[in-house]
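Asker: Structure incoming, see below.
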Amino acid sequence: MKCKTHSKIDATGGCINCGNFFCDKCLHKIKGKNYCNECTEELATKAEDKNNESKNETKVIVQQQQQQQQGEGGGLLSGIKFSAGCCIGLIIVVVIIAIFILMASGGYR
Ligand SMILES: [Zn+2]
Ligand SMILES: [Zn+2]
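Residue numbering for the sequence shown follows this note's numbering, starting at -2 and increasing by one per position.
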């Protein structure tokens, strides 16, 4: 039996994932088991995917916690912000009206 990637080199073992035979150069020992180059990469990407998934899960949980915290004290805060916005809006409208009246009365003189 020859190595699958090196047709001139004798295979020294088989990949336990895909079942193909490879030489020493192509085989990687992971946790005492032989894997070929391809399957090693596959395992690596799978491991990365798992890491990413768990990271995303923790992100979602953190976001949910933040939303809950905002929900508890946020009602008051957003209420204050809302009324403050209203006050500023009213003040701006009053100032504009005052300026308009001043200009209009100035024009009539
Ligand atoms: Zn393999
Ligand atoms: Zn090889």
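Every residue gets a Cβ at the ideal spot worked out from N, C-alpha and C, and that includes glycine.
Round the Cβ separation of THR9 and HIS25 to the nearest angstrom and send it over; I've been treating them as touching at under 8 angstroms.
Answerer: Wrong, their Cβ atoms sit about 12 angstroms apart, outside the cutoff.
Asker: Can you find a heavy atom of ligand 1 that lies under 7 angstroms from the Cβ of GLU45?
Answerer: The answer is no for GLU45.
Asker: Let me know the secondary structure DSSP gives ILE27 once reduced to three states.
Answerer: DSSP places ILE27 in strand when its eight states are reduced to three.
Asker: Decide if the stretch 57 to 67 is in contact with the stretch 38 to 49; the criterion is three or more beta carbon pairs, one per stretch, under 8 angstroms apart.
Answerer: No, the stretch 57 to 67 does not touch the stretch 38 to 49.
Asker: I'd like to confirm something about CYS20: is its beta-carbon nearer than 7 angstroms to some heavy atom of ligand 1, or not?
Answerer: No, ligand 1 has no heavy atom inside 7 angstroms of this Cβ.
Asker: What is the DSSP secondary structure of GLY16, reduced to helix, strand or coil?
Answerer: DSSP places GLY16 in coil when its eight states are reduced to three.
Asker: Given TYR32, which residues of its chain have a CB within under 6 angstroms of its CB, disregarding the five upstream and five downstream residues?
Answerer: Counting only Cβ-Cβ distances below 6 angstroms, and skipping sequence neighbours, we find CYS12, ASN14 and HIS25.
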